[in-house]
Every structure is written in C-alpha cells, then in structure tokens.
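Using the UniProt record's numbering, the first residue of the sequence shown is number 1, and each one after it goes up by one.
The next block holds one structure in the form of structure tokens; read it before the comments.
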Amino acid sequence: MKFYISPGHLFAGKNTLRLQACTGFKFLDAAIRKRRRIILFKLELLGNDNGYRYNILMLHGSNHAAWCWEDNFMPYFKSAGYNVYALSYRGHGNSEGKALLNTFSVSDYAEDVYKVVKGLSKPTLIIVHSLGAAVVHAYLRLYPDTVCGIIFIAPVPVNIMLRETVRSILHDRGKKPEALLFDGRLSDEEIRKYKRLFQKEESIRVKWSLLLGRPKPPRNLCIPMLTIGSWQDKVVSPINIIRHARYFNSYLVMLSELCHDMMLEKQWETAASAALNFINGKIVK
Numbered sequence: 001m002k003f004y005i006s007p008g009h010l011f012a013g014k015n016t017l018r019l020q021a022c023t024g025f026k027f028l029d030a031a032i033r034k035r036r037r038i039i040l041f042k043l044e045l046l047g048n049d050n051g052y053r054y055n056i057l058m059l060h061g062s063n064h065a066a067w068c069w070e071d072n073f074m075p076y077f078k079s080a081g082y083n084v085y086a087l088s089y090r091g092h093g094n095s096e097g098k099a100l101l102n103t104f105s106v107s108d109y110a111e112d113v114y115k116v117v118k119g120l121s122k123p124t125l126i127i128v129h130s131l132g133a134a135v136v137h138a139y140l141r142l143y144p145d146t147v148c149g150i151i152f153i154a155p156v157p158v159n160i161m162l163r164e165t166v167r168s169i170l171h172d173r174g175k176k177p178e179a180l181l182f183d184g185r186l187s188d189e190e191i192r193k194y195k196r197l198f199q200k201e202e203s204i205r206v207k208w209s210l211l212l213g214r215p216k217p218p219r220n221l222c223i224p225m226l227t228i229g230s231w232q233d234k235v236v237s238p239i240n241i242i243r244h245a246r247y248f249n250s251y252l253v254m255l256s257e258l259c260h261d262m263m264l265e266k267q268w269e270t271a272a273s274a275a276l277n278f279i280n281g282k283i284v285k
C-alpha cells in the first residue's frame, strides 16, 4: 500500500510526503525543500490497521521514542479493539534527522504528528507522555479539529517548567535519569534494557522552550481529554499535573504509586486501564 498526503509548512517552499506500509511498522518519508536542497526525513511509525473503527496514536516524551509504548501499551490497546500506532518524532528512535536535532521545535514535532493523523483514514485519538504534551499543545494551536480525544500522561506544564527546574537544581542534582524516571520501580534488567534505548540528547531548542515558555494552546476545546498523573512522579510535580487538567478542563486521574514512566513500570496497567475506561466511556460510544 502506498499513498500520498499533503503536509502543512515545515521550513519553506512546497513539501511532499510519502507514507509506505512495511512489515511490522511504517515509515513516513518527508521530502523537505529548502534553499534548493531536499532533506529527506524518514519517520518511524510502529503499528498497523487491524480493521477496527478507531485509531490510537501514541506519542513519546523527551529522550524516548516509539519503543517506549511497544512492550505494554500497544498490545494492551490492540487487544481492546483499536488500531494502535506509535510515532518517533524526527531525530528520535529510528527516524532520521538526528544531525539536525537541535534545530527542531515542538511545532516541528507537531507537524510530524499531523502528517500521520492526516494519513490515517479512521478517527484518531492521541495518548501522549511527558514532554510529548508540549508537542500536542502546539498541535492543538494548529490542527485542533483533527483528533477525537486526547489522554495526557504525566504531561509537562502548558507554559514553563519553573517548579521542576528549581527542584532539579536544588534536590535532584547528581541523580541518574533512571532514578527520576523509574523511582526504583523497575528491575535492574529492565533498567539496563531501557537505558540502551534512551536517547542521550534532546533538542536544545525544545528544552529552552520548556524553560522560557511557549504560546499557549486554546482552552475549552470540544475534544474529550483526560489527564493522568501520579503523586509519586519525580519529574513533573503533582500540582502542575492538576493545573494542566484545570487549564483544559479535562478529566483528571491521580494515581498513588506509579513513577513518571508509567508505560514501562510494573503497574503500567493501572494507567492503561484508566485511559481505556475513559476512551470507552467518553470517546467511543
């Protein structure tokens, strides 16, 4: 199967896209014309259409990629009767563009999301983790009417991460990333497995936008939304999770024990079932 989709603006000039289906996963080839050069990004998209009515697109956070959904969330939601996909933004995972990583913004990642959503023929809802929420915030400014629901998991704040930055400087200096992400809730073998997959760098442009602020997304959208957080999250403070839910007037579920990387920890199904109950009750009727 091969089909073409027309993207929005990325850099300059006219752009073309090609979405190709491959065994086990799909790649999105984006030809970007700039200054008479063509930069070809190949974006990793795990998953396929299993003939169900709705699509679920899963979006990762900082230093992660599509792999973070593959072990638990993807099979769980597939078995629940959904076509499930997971995207790696440009410069992440098996997507191309790593050499240009520091030039990418959350709006660039949002364009990657749009190209995938536009290429899917069925209603699509998004499950997004951590920094990926900033990507969805940008997406909602650009394409608010293209998805039928959003589940935010441990989302970064709508504006700036001042509280998290101060806490990191005062309390978390010297701690290993896995200590903050997993909080001792994974086995040593699992930690070694995921550390090999972690991306060492994230876009400097994206990181500065988290500290200095970004244009705020629209409020009171007619899109069913759920925010899931944990009281034990060591990366995003519970108060900012609650503020995120208030900003969007979304439903809110606060879990008692889970770590920041909820989709990878031993009680991942607690978060997944909260998301599924919301989807089945508020989106798919």
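All C-beta atoms, glycine included, are put in the ideal place defined by N, C-alpha and C.
None of the values given here were measured: they were computed from a predicted structure.
C-alpha gap between residue i and residue j, whole angstroms
i	j	result
LYS122	ASN55	6 Å
ALA154	VAL135	14 Å
ARG219	ASN249	8 Å
CYS148	HIS60	19 Å
ASN159	LEU140	14 Å
ARG90	ALA138	16 Å
TYR82	GLY51	8 Å
GLU111	LEU120	15 Å
ASN72	ALA274	14 Å
residue 318	LEU186	Past the edges of the chain, shown from 1 to 285, lies residue 318, and the structure says nothing about it.
LYS118	GLN267	33 Å
PRO157	LEU252	14 Å
SER88	SER230	25 Å
ILE127	GLU189	27 Å
ILE223	TYR85	20 Å
LYS285	ARG53	11 Å
HIS244	LEU264	23 Å
PRO215	TYR143	15 Å
ALA66	ASN94	9 Å
ALA271	LYS98	31 Å
GLN232	LEU180	10 Å
THR124	ASN63	25 Å
LYS115	PHE182	32 Å
ASN48	LYS78	10 Å
ILE242	PHE41	36 Å
MET225	TYR247	11 Å
GLY213	LYS234	21 Å
LEU221	ASP145	9 Å
ALA80	GLU269	13 Å
PRO217	VAL113	16 Å
ALA133	GLU96	22 Å
TYR76	HIS92	24 Å
Beta bridge counterpart(s) of residue i as assigned by DSSP
i	result
ASN83	ASN55
SER230	LEU255
MET47	According to the sequence shown, residue 47 is Gly rather than Met. DSSP lists TYR85 as partners of GLY47.
LEU125	ILE56
ILE153	HIS129, ILE228
Under 9 Å between C-beta atoms of residue i and residue j
i	j	result
LEU43	TRP69	no
THR227	ILE151	yes
HIS129	MET74	no
LEU131	LEU255	no
LEU100	GLU202	no
Original post:
Does the segment 188-201 come close enough to the segment 267-284 to have 3 or more Cβ pairs within less than 8 Å?
Top reply: No, they do not touch.
**OP:** Inspect the CB distances between the segment 87-107 and the segment 233-240 and report whether three or more fall short of 8 Å.
**Re:** The answer is no - the segment 233-240 does not touch the segment 87-107, with fewer than three Cβ pairs under 8 Å.
Original post:
Within the chosen definition, does the segment 256-266 reach the segment 200-212 through at least 3 CB pairs nearer than 8 Å?
Top reply: No contact exists between the segment 256-266 and the segment 200-212.
Subject >> Minimum length 4: unbroken alpha helix (DSSP H) runs contained in the segment 180-213 >> reply: Entirely contained in the segment 180-213, the alpha helix (DSSP H) runs reaching 4 residues are, in chain order, 188-197, 204-212.
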